[in-house]
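Notes to accompany the following structure.
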Amino acid sequence: MERIIFHIDVNNAFLSWTAVKLLKEGYKVDIRTIPSVIGGDESKRRGVVLAKSPVAKKYGVVSAETLYQARKKCPDLQVFPPDYYLYMEMSSKMFEYISKYSPGIEKFSIDECFVDMTGTNYLYDDLLSLAYKIKDEIYEKFGFTVNIGVGNNKLCAKMASDFEKPNKVHTLFNNEIKDKMWPLPIEDLFMVGKKTSMKLRKMGLNTIGDVANVNPSILMKEFKSFGVDIWNRANGIDDSEVISEVSENKSISISRTLIKDSDDIDYIKRILLKEVDEIGRELRRKKLFTSVVAITMKTHDFVSYSKQMSLDYPINSNDDIYDAVLKILYKAWDFEKIRNIGIRLANLSDKRFVQNDLFEKSNVSNNSEKVQEAIDKIKDKYGSSIINPASLLNKK
DNA sequence: TCTGGGGTCCTAGGACCC
DNA sequence: TCTGGGGTCCTAGGACCC
1131 MERIIFHIDV NNAFLSWTAV KLLKEGYKVD IRTIPSVIGG DESKRRGVVL
1181 AKSPVAKKYG VVSAETLYQA RKKCPDLQVF PPDYYLYMEM SSKMFEYISK
1231 YSPGIEKFSI DECFVDMTGT NYLYDDLLSL AYKIKDEIYE KFGFTVNIGV
1281 GNNKLCAKMA SDFEKPNKVH TLFNNEIKDK MWPLPIEDLF MVGKKTSMKL
1331 RKMGLNTIGD VANVNPSILM KEFKSFGVDI WNRANGIDDS EVISEVSENK
1381 SISISRTLIK DSDDIDYIKR ILLKEVDEIG RELRRKKLFT SVVAITMKTH
1431 DFVSYSKQMS LDYPINSNDD IYDAVLKILY KAWDFEKIRN IGIRLANLSD
1481 KRFVQNDLFE KSNVSNNSEK VQEAIDKIKD KYGSSIINPA SLLNKK
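Here my numbering is used: the first residue of the first sequence is 1131, the next is one more, and so on.
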């Protein structure tokens, strides 16, 4: 049976959601109608564009560029801070509403999802009007607009939702690939980024159609197996399923750009301790253990590197994580000035396999686990600043 | 006041084993 | 004065996504 997939994508999600909230609070301007962006805090060196209004886009403002660059293009630009709690709330409300129409919903990011409409007993014409209905209802209910792409697989649905924005429904069925997708520049193809597109253009392949019609062995020579993936996507081929179960994390990470580049080891250790506290709680909230701990760093000249360590048994307490982190820090860091430092936990598992006989330590561990649990509960109840490691006290 | 933060997947090379 | 070959696991780095 031919599948029917929707891809639903919030238009300028962070900016739209902030706009809705501001209007609700009595703010007189709808920031979607002026040159505006959601941007990080420049004084903390996080000043990049996270989302832009259509007007800002007209000035050439793009996502992820610095606010400094964005202002050069658009001097009247208004900048608003992000509010991640709001975004998570809006996101889950939207997904909850969409799941009324099909249980087959895959959250693809905070503001996008795929919905499998195959076998939902809607006829073809009904499905298209259903897409319009969902789009309009989301606007009426929540006050922000979405694009909906409709196709025979996830890739085509995703490509379709990207066509013309905002507030539109587009189809990209198998028989429309040639007309609607092949004329597009190669950069528009999902998973073709800067590096890949440069290589493709050097090979004389400038449109998605160029890639679709080249012999795939040419792409394999340049890109190995990724070449076949590109060729398949260019031809609108994608067998992947809509996966509605929330998949378990493969890794959890946290990182911070420092206020100032630093080679002060005490300062860096304090930052790491704070990060351990946050990521450790996240790990335990997900009821997971980790057996690979890594430090990620970005130097003052923007070179990034990482160092990881595999552990003999899975851990989940702040103490154990911080121990590992420090060991890695001394091995990895050559006391260069650091711009950004973070921690990544990988090889996550549900359960710790207990090795009571081998490690007497496990009794101690059980105790410290209970202490950790108690601390987490207090922090959940009263906020995370209520209890801090002693070394964080009286320090900025 | 240049360049965020959180993820996934892939690959190459080295270690180690049989 | 030769330097197998297959398999697995681990690590670091890179590309891409939102």
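Even for Gly, the Cβ is constructed at its ideal location relative to N, Cα and C.
- Ser1377 and Lys1404 have their C-alpha atoms spaced approximately 27 Å apart.
- With a contact defined as Cβ atoms closer than 8 Å, Ala1342 and Asn1365 qualify at about 5 Å.
- The continuous alpha helix (DSSP H) containing Ser1222 extends over residues 1214-1228.
- Between the stretch 1200-1215 and the stretch 1153-1170 there are three or more C-beta pairs closer than 8 Å, enough to call the two in contact.
- Excluding residues up to 5 positions away in sequence, Leu1402, Val1406, Val1423, Ile1425, Ile1473 lie with their Cβ nearer than 7 Å to the Cβ of Val1455 in the same chain.
- Rounded to whole angstroms, the Cβ separation of Lys1461 and Lys1437 is 6 Å, and the two are in contact under 8 Å.
- Residue environment for Arg1162: buried (at least 16 other C-beta atoms within 10 angstroms of its C-beta).
- Between Val1372 and Asp1246, the C-beta spacing is below 9 Å.
- CA-CA distance, Gly1273 to Asn1362, rounds to 37 Å.
- For Arg1469 against Lys1428, the beta-carbon gap comes to about 5 Å, under 8 Å, which counts as contact.
- DSSP links Glu1242 through a beta bridge to Asp1139, Ser1239.
- Secondary structure of Phe1210 (DSSP, three-state): strand.
- For Phe1225, same chain residues with a beta-carbon under 8 Å away, outside a window of 5 residues either side, are Ile1235, Lys1237, Cys1243 in chain order.
- Collapsing the DSSP output to three states places Ile1307 in a helix.
- Cβ-Cβ separation between Thr1250 and Gly1281: approximately 15 Å, too far for a contact (criterion under 8 Å).
- Between the alpha carbons of Ile1164 and Ser1183 lies a gap of roughly 7 Å.
- Sorting Leu1216, Lys1329, Ile1338 by C-alpha distance to the C-alpha of Leu1319 places Ile1338 at the top.
- Remark: C-beta atoms of Ile1138 and Ile1228 approach each other more closely than 9 Å.
- The beta carbons of Phe1419 and Ile1445 sit about 6 Å from each other, so the pair counts as a contact at 8 Å.
- Taking a 10 Å sphere around the C-beta of Lys1284, we find 16 or more other C-beta atoms and assign the residue as buried.
- For Asn1362, the uninterrupted alpha helix (DSSP H) run begins and ends at 1355-1364, by DSSP.
- The beta carbon of Glu1172 lies closer than 7 Å to those of Leu1197 in the same chain, with the five residues before and after it left out.
- Around the beta-carbon of Met1220, 16 or more other beta-carbon atoms lie within 10 Å, marking it buried.
- The continuous alpha helix (DSSP H) containing Thr1326 extends over residues 1324-1332.
- In the three-state scheme derived from DSSP, where H, G and I count as helix and E and B as strand, Ser1392 is classed as strand.
- Distance between Lys1298 and Tyr1443, taken at the CA atoms: about 51 Å.
- For Phe1303, the CB contacts under 8 Å within the same chain, skipping 5 residues up- and downstream, are Val1280, Gly1281, Asn1282, Cys1286 in chain order.
- The Cβ-Cβ distance between Ile1409 and Ile1384 falls below 9 Å.
- No residue range can be given for Val1178, since it is assigned to no alpha helix (DSSP H) and is classified by DSSP as neither H nor E.
- By the Cβ neighbour-count rule, Ala1143 is buried, with 16 or more other Cβ atoms within 10 Å of its own.
- The DSSP assignment places complete alpha helix (DSSP H) segments of no fewer than 4 residues inside the stretch 1401-1488 at 1448-1462, in order along the chain.
- The C-alpha of Ile1268 is placed about 39 Å away from the C-alpha of Ile1516.
- When the five nearest sequence neighbours on each side are left out, no beta carbon in the same chain lies closer than 7 Å to the beta carbon of Asn1345.
- Considered as a whole, the stretch 1364-1388 harbours no complete run of any alpha helix (DSSP H) with no fewer than 4 residues.
- From the listed residues Ile1389, Leu1441, Tyr1217, the smallest Cα separation to Arg1176 is found for Ile1389.
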